[in-house]
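Chemist: Chains as they are written, first to last, in this note's numbering: chain S, 1051 to 1370; chain F, 1051 to 1370; chain V, 1051 to 1370; chain H, 1051 to 1370; chain D, 1051 to 1370; chain G, 1051 to 1370. Just so you know, even glycine gets a beta-carbon here, dropped at the ideal spot from N, CA and C.
Protein chains: 6
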Amino acid sequence: MKALFVKDLKPGNQVTGFFVLRRKDIKEYDGQTFLKLELGDKTGRIDGVVWDNPEQIADEAQSGEIVKIKGWVTTYKENPQLKVEKLRRAKDEEIDLADFLPASERSLDSLFEDFKRAVSSVQDPHLRRLLELLSEDSPLTEKLKKTPGGKLWHHAYVGGLLAHTLKVVQICEEAASMYELVNRDLLIAGALLHDMGKIHAYSAKGFLDYTDEGRLVGHIVSGDELVDRKIQMIEDFPPNLALQLKHLILSHQGELEFASPVVPKTIEAIILHYADEMDAKADAFAHIIKTQKSKGKKWSDWVSLINRHIYLGEDEVTEE
Amino acid sequence: MKALFVKDLKPGNQVTGFFVLRRKDIKEYDGQTFLKLELGDKTGRIDGVVWDNPEQIADEAQSGEIVKIKGWVTTYKENPQLKVEKLRRAKDEEIDLADFLPASERSLDSLFEDFKRAVSSVQDPHLRRLLELLSEDSPLTEKLKKTPGGKLWHHAYVGGLLAHTLKVVQICEEAASMYELVNRDLLIAGALLHDMGKIHAYSAKGFLDYTDEGRLVGHIVSGDELVDRKIQMIEDFPPNLALQLKHLILSHQGELEFASPVVPKTIEAIILHYADEMDAKADAFAHIIKTQKSKGKKWSDWVSLINRHIYLGEDEVTEE
Amino acid sequence: MKALFVKDLKPGNQVTGFFVLRRKDIKEYDGQTFLKLELGDKTGRIDGVVWDNPEQIADEAQSGEIVKIKGWVTTYKENPQLKVEKLRRAKDEEIDLADFLPASERSLDSLFEDFKRAVSSVQDPHLRRLLELLSEDSPLTEKLKKTPGGKLWHHAYVGGLLAHTLKVVQICEEAASMYELVNRDLLIAGALLHDMGKIHAYSAKGFLDYTDEGRLVGHIVSGDELVDRKIQMIEDFPPNLALQLKHLILSHQGELEFASPVVPKTIEAIILHYADEMDAKADAFAHIIKTQKSKGKKWSDWVSLINRHIYLGEDEVTEE
Amino acid sequence: MKALFVKDLKPGNQVTGFFVLRRKDIKEYDGQTFLKLELGDKTGRIDGVVWDNPEQIADEAQSGEIVKIKGWVTTYKENPQLKVEKLRRAKDEEIDLADFLPASERSLDSLFEDFKRAVSSVQDPHLRRLLELLSEDSPLTEKLKKTPGGKLWHHAYVGGLLAHTLKVVQICEEAASMYELVNRDLLIAGALLHDMGKIHAYSAKGFLDYTDEGRLVGHIVSGDELVDRKIQMIEDFPPNLALQLKHLILSHQGELEFASPVVPKTIEAIILHYADEMDAKADAFAHIIKTQKSKGKKWSDWVSLINRHIYLGEDEVTEE
Amino acid sequence: MKALFVKDLKPGNQVTGFFVLRRKDIKEYDGQTFLKLELGDKTGRIDGVVWDNPEQIADEAQSGEIVKIKGWVTTYKENPQLKVEKLRRAKDEEIDLADFLPASERSLDSLFEDFKRAVSSVQDPHLRRLLELLSEDSPLTEKLKKTPGGKLWHHAYVGGLLAHTLKVVQICEEAASMYELVNRDLLIAGALLHDMGKIHAYSAKGFLDYTDEGRLVGHIVSGDELVDRKIQMIEDFPPNLALQLKHLILSHQGELEFASPVVPKTIEAIILHYADEMDAKADAFAHIIKTQKSKGKKWSDWVSLINRHIYLGEDEVTEE
Amino acid sequence: MKALFVKDLKPGNQVTGFFVLRRKDIKEYDGQTFLKLELGDKTGRIDGVVWDNPEQIADEAQSGEIVKIKGWVTTYKENPQLKVEKLRRAKDEEIDLADFLPASERSLDSLFEDFKRAVSSVQDPHLRRLLELLSEDSPLTEKLKKTPGGKLWHHAYVGGLLAHTLKVVQICEEAASMYELVNRDLLIAGALLHDMGKIHAYSAKGFLDYTDEGRLVGHIVSGDELVDRKIQMIEDFPPNLALQLKHLILSHQGELEFASPVVPKTIEAIILHYADEMDAKADAFAHIIKTQKSKGKKWSDWVSLINRHIYLGEDEVTEE
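(1) Hey, would you say G1210/F sits closer than 8 angstroms to S1157/F, going by beta carbons?
(2) Quick check on K1371/D - is its C-beta less than 8 angstroms from some C-beta in chain G?
(3) What residue from L1054/G, I1116/G, V1277/G and T1125/G has the CA that sits closest to S1185/G's CA?
(4) Please report whether the beta-carbon of V1313/H lies at a distance below 8 angstroms from any beta-carbon of chain V.
(5) Please state whether DSSP places D1164/S in a helix, a strand or coil.
(6) So what does DSSP say about G1094/F, is it helix, strand or coil?
(7) If you drop the 5 nearest sequence neighbours on each side, which residues of the same chain put their C-beta closer than 8 angstroms to that of V1056/F?
(8) Less than 8 angstroms between CB atoms is the rule here; does I1299/S satisfy it with respect to chain F?
(9) DSSP three-state label for Y1324/V, please.
(10) List the DSSP bridge partners of D1075/G.
(11) Since H1137/F meets chain H, which of its residues come closer than 9 angstroms, beta carbon to beta carbon?
(12) Please check if any C-beta of chain F sits within less than 8 angstroms of the C-beta of I1238/S.
(13) Please compile the residues from chain G whose C-beta is within a distance smaller than 7 angstroms of the C-beta of I1320/D.
(14) Check P1130/G in the structure and name its three-state DSSP category.
(15) Name, going along the chain, the residues of the stretch 1255-1282 of chain H whose beta-carbon falls closer than 9 angstroms to a beta-carbon of chain G.
(16) Exposed or buried, which one is T1419/G when buried takes at least 16 other CB atoms within 10 Å?
(17) Starting from the beta carbon of A1309/H, find every residue of chain G whose beta carbon is closer than 8 angstroms, and list them in chain order.
(18) Using a Cβ-Cβ distance under 8 angstroms, would E1115/F count as near chain S?
(19) For W1349/S and chain V, any beta-carbon pair shorter than 8 angstroms?
(20) Against chain S, with Cβ distances strictly below 8 angstroms, would I1249/V count as a contact?
(21) Quick one: is E1364/D buried, meaning 16 or more other Cβ sit within 10 Å of its Cβ, or exposed?
(22) List, in chain order, every chain F residue whose beta-carbon is nearer than 7 angstroms to that of G1346/H.
(23) Does the beta carbon of L1293/G come closer than 8 angstroms to any beta carbon on chain H?
(24) For E1186/V, name the three-state secondary structure that DSSP assigns.
(25) Using DSSP with H/G/I as helix, E/B as strand and the rest coil, what is S1350/F?
(26) Give a yes or no on whether 8 angstroms exceeds the smallest Cβ distance from K1201/G to chain H.
(27) Let me confirm a value: E1192/S is counted as buried when at least 16 other C-beta atoms fall within 10 Å, else exposed. Which label applies?
(28) Taking the Cβ atom as the reference point for each residue, do L1180/D and K1280/D lie within a distance shorter than 8 angstroms?
(29) State yes or no: is the C-beta of W1349/V within less than 8 angstroms of the C-beta of Y1361/V?
(30) Using the C-alpha atoms, what's the distance from N1357/D back to K1315/G?
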């Protein structure tokens, strides 16, 4: 556990501690070169500045890595700023990722247990084999546990991808019981795999960000490739079943303009799309309500992503 | 039960029977006035023509009404056509609406029992009172049972509104159990009432059509007015609860361009919207699959409303 | 009349006076809780801060209310800031609303006289009765006089709703004389009522803002409900006339994406829509030209709501 | 006056008369070349066919021209068809354009008188000079009188451009009296000129159609060019006034997606836009109501251009 | 070479020959089951009907296959119709695909030579290796040669994919010479591979159609998978180069709403997108001009895909 | 050459030099009137302030003009600010425009030589005559050389219009060689003229900005007018050729919503559109890559105009 967090830094403090390096830029002012930093941990962000040996220090670490810093806190334009004297990349054994990233309330292992339980509910032998191949690929599942569900909007925390996936599975399970034409195993497999590409599309090293793959290929196609490669390893995986499963992954965002290269054309695909939307939006609304509700405040700040204020509710009336 | 259905009419047949008058137009051909009709029942449509006394016969009934007809079947442009000699409005005791409109598989009374069961699950006293006022208003509930869920696209049959409503309630019940911030009673009340305006927006006299109110006011605002009038009758209905409930009805189509005058701004509203969409689309897909799937045909005809073909599935392989 | 306005506050001033409390937030800095305020009047806004007993003072008043304040002006981040020592809710007899909100140039009574004159020009007995019911409902008309036409964009001042309504009536009157098929009384009634829901959708207590009803129901449906309730009180109001009148209110924004739940389908509705648009836009353009035109400046600042600069015109050349 | 109109043609008739040649196509059937025609006049359209010397006859006239035809009426696929034996281009003195095109109810001269009256109401000397140059250019004004306001949707008849222009002037006149910042003469000049390019964009020789200029340049820019050329002839036309006038023409359709290359940026431009829209839509609605209203029919056929049915109104109740 | 083509079928003909089975449907008429067919070859389409043993004959072949037919030509609703007595699937050695599908003007081998020449111009060793793996995979290249560039709109013929690809390469080659920052080999590789997924997305067995993969996965992702699988086979293919190459394939349609799951983010991607668009549109325009231009016809029929008429040009004036 | 550039100004410096006056505003603070300035040159921008005689000094020059200033540099809100004592409009002989605006890398004369070379490649006599009229109009060509290709996004420098035009010509030349139906001379003439209206739409006096004509008429129609006026001077310019050439100018932005009043309807127009897009986007991407690429930075800042980050590429690996 870190000794010192961003939210506790006060002007005048001497600082020796670990922070994630979110961004670094070589700049010039009044003829002198310096290094501008953005540092952070799970409690917030702070700007930093390096005036001595800026270029050498800039080479010590890449943005996204966790660094050990020595310096002190000053004030610049009435905001706190960290004057950095020394900086080096942290060693893995020195740090606990949980200090830097928001985390799931449930343990990652417990979430993954539920994931495996859903896998074992699938009876279709080919889908079952595919899901097992994935859940036994431990480098993959280690990443899976740590991947967030989104960068900013919903499930934006370590473990968020698993938490979101399990809720989508739950809604799909209910729907499978309601509509007779639905292939339940196909739908559940699609729900389990729909966002799997986020493993490659997000990095959650020191803070949540997109990877190059996330930006150049996108999580939808990354997930399709991941599934395609595993299917290649399974003898006799029915080609038509493979197409239908890929269709669930590719179409789950529902519309071309939301980056799905195909629109939902099967009954399982249309159900998965709405289950995904319902959980993503309900989580996002709940997150905004929890973090913004305060006494006398009934409406959230403007949420530009969805162009509206969200209703936070009346104050609870407590009897005395 | 009707003796004779549209699908059974063959050229040469003498016809005496009941049909719904879908459309009538006075036309002129070669200097002579005639009356063009579109007739139908639950099995299909047939064109009709009246050459004698067309204007007098045109006054016998309005489109949407059920008429008794005497005539015979000929062929015009290689399609069957009914030459009509006599036509009068049918009496209520002569006909059974079920012969003219597609009907629910479950009985209307059984659907309504489920509706009342959902009503009685609501604990909040004001919402409960409101729902009871509605479900005890028998002219209203008589109409409610017979109203379709849609004109063409989903649940387009007598009883469809109830069938759709109950599915939406079921999905919302599941969601209420998943998200802690949700006001369950408010959500269930909203689910029960969200499409109530369709009672006034659709007519299901002889065939499914929009009413003037459906076109000039729309089912969303009709539902809001209906609820507003009942709320006026309840002493001390909390104004804020009324606003939230109306918001559920008004925002349930999710986006302004889909005719909701406000977008969903509460967590219950966003859940109701996706529950409504999921059931509407799943029912529409299922209906297309059931009616279009045939041997060797894997894709539906083009569905222009959603700009795609729908996947009907592989043929079942039956072991021999 | 207030003794002291925001625009006159200078660093160093001692301040005792009345301001509207636009916003309040309990915050924390360096371990200490404080209360951040946004205060204002018709001349501008100023930030405020309370360091002593912040929570107790926060309970003194709600945002939107007018408060009496004792404090002094300092500078924070090079902007003036009011350090507040005492704060209490103002009493109605202490204040004049006109000090806090921008006001109509014409008197509210004179505007309302014109409104009543338009009402009395309507000959249709049912529409006339309805309009009279509204204009005799004095709690309603008191609000009507004070409601703005919009929050930011057009007629954003006390009395603006009446001013806008009268201009729309004038354009409709001209149109009614031009197109023979138009039902003049229906069109004028629609023009008088089209924005009536803004009475419930805006609050103009201390500054212009949306109410909960404005956000959860919207001014269009609020107006429909208001008219629906009055119509219920009139015996024998023709149902078809009611539908057409409601249609005018519901469709007046012209397109679904502008929050009208139905598009204009009658000739009166299409005329009302363009009359409303013409006056709203002409007022908004005129307001921008009046407030931004200065010597040598021919173009307004960027108007993000309509994505353009507005032409302010050449400088007047004055002869010498 | 023509002796024989399309609406009167009956199978078996011998025909010698004048028709507009709307379309011609050389086709082949069963190894034989023939010429397929579409003929028409103001009462309707009829297909024609030429079996003898089709290629030679095809060279006799271009589509859009009026032709004299000898032939007889037969039936093809249950529709009447004109078997054509002889065909030649009509001479100007043989025909009256009014037989082929729908015409204004008011005389063209009377409409043009009103146009000139509006011109003479303009006091600004440069705008007045420009408008006079145009209204004294008799080849131009001869065309102006005959140009329709639109091809299908509104004012689609000979004289329609003038009729539409005068209504737009009337609405602008009212608006100029309502908004103090408006330059009345500029606005009226813009109203008079806004659709002037339709003179070159539509051809109204035998039926209403677009010209090559209408399709390659468009009526908006054609109008701008026409005005630009006249302004070049006026010494000392103020450049800034020219820009503002052109802006009125170029922006009058209001949005880029409706083919205006600039959006309205002056108060005159925004008013002209809505005046134009109001008259175009009111005329289109009125035209649909007049042509489609019949007993018992309350709703128009589907109007695909605006995606709605239009309300035709209740039947008049006549007292007995 | 086929003996008998659709365009030559005349009522009364006895027919024994080969046609592609485009569609088949079991129908019922007047109590009797029959089989409705759509047959075709490269010269056109004709309807067919089977009255004897329709279900047995329906099992003889799938739509998309080529069949041998015995029957005679009749007339139904004034169109020719083939009454089919016998039908069986054709053997591969009996038919020449070129009789059924429109074909490239250049030979497929010559097109493929050019393709290989472009491959051998790539110097980067990894890209070169990848391209060679593909161009040496003969089942793949056999399909590649026969795949069309599109179904209806551009390059809709056997060999069209190669023809389109080579033109895109040519434009990209020019662009690579113009912009210094462009990685020429990467761009050319992207141009060669951008539409490769059409091999799996279109079937060109007897007529051009989408495959299940084309509808469920789409040609963009099919192409990505195809390239991904080949890259897996190459040791040390640089991961970053793989991402950039996939990005070219995935983004080449330019916008999400045109089914690209990512938008172009590299300079090569933005160039490839416009090169692809330019060739697709130029080919489509040229095809329309060539097939529709005739004497006196200056404008194409309405092209609904792009909402416009296309200019066909003035008639050539030939000197005498 | 200027002695002193914005980027070199340091707090404490005495300044006497030339700057472009980008903006001026009379403001009031604490009861005192002052003049706020924005000054600049090709190296950057700096705020200025005038406390003595602000109104008199404000009249010395208009925004867009170059001024001589005497003052000194201070700091305001931690940014440098120029306190201005004296200010007067610069004389033409005192300044070199190249100090104030970003410039082309190639000399303007060399670019114009290439332009004339392209003109002389056109064989069609009428197009050749038109192009010569333009390139011999020296007031016009002087402006042409100095006009930028865009304000912010692409080719935003003196000479940029010529540089962009030549690249578009080059792509069109390649396309003309590829598609047989293309009228090469028409396409090249269109490419040379497509953005000619920017001469009147942009001002490049002291910094790049839109003119009133640019905002009220737009560069597309300005170009059309410019060409129309020259065509009026050429005897016997074929009307149809004029329409096609204007069509190239008017449609080159490709879609109505990008301000083209007509969409491309000829094969030359569709090619010109994509050639224009390709060069504009490739230049914009290249500019972003060149100005933003730095060590370790692989992605550009957010580019709001196209809603994406642009890939800057991996760091070059240099061998040691």
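Modeler: Judging by the given coordinates:
(1) no
(2) Residue numbering for chain D in the displayed model covers 1051 to 1370; residue 1371/D lies beyond these limits and cannot be assessed.
(3) V1277/G
(4) Interface residue (Cβ-Cβ distance to chain V less than 8 angstroms): V1313/H is classified as such.
(5) helix
(6) In this structure, G1094/F counts as strand in the three-state DSSP scheme.
(7) F1069, L1089, G1090, D1091, T1093, G1094, R1095 and I1096
(8) Taking Cβ atoms only, chain F never reaches closer than 8 angstroms to I1299/S, which makes this a no.
(9) Residue state, collapsed to three classes: helix.
(10) K1086/G
(11) Here the sequence assigns Leu to residue 1137/F, which means His is not the residue at that position. Chain-ordered listing is empty here: chain H has no CB closer than 9 angstroms to the CB of L1137/F, the nearest sitting near 15 angstroms.
(12) no
(13) Within chain G, the residues near I1320/D are K1331, A1332 and F1335.
(14) Per DSSP, reduced to three states, the secondary structure at P1130/G is strand.
(15) D1262, E1263, R1265, L1266, V1267, G1268, I1270, V1271, D1274, E1275, D1278, R1279 and Q1282
(16) As displayed, chain G neither begins before 1051 nor continues past 1370, which places residue 1419/G out of reach and without an answer.
(17) L1306, P1311 and V1312
(18) no
(19) yes
(20) No, I1249/V does not count as interfacial toward chain S.
(21) exposed
(22) Q1112
(23) yes
(24) coil
(25) coil
(26) no
(27) exposed
(28) Yes, they are a contact pair.
(29) yes
(30) Near 10 angstroms, if we compare the C-alpha coordinates of N1357/D and K1315/G.
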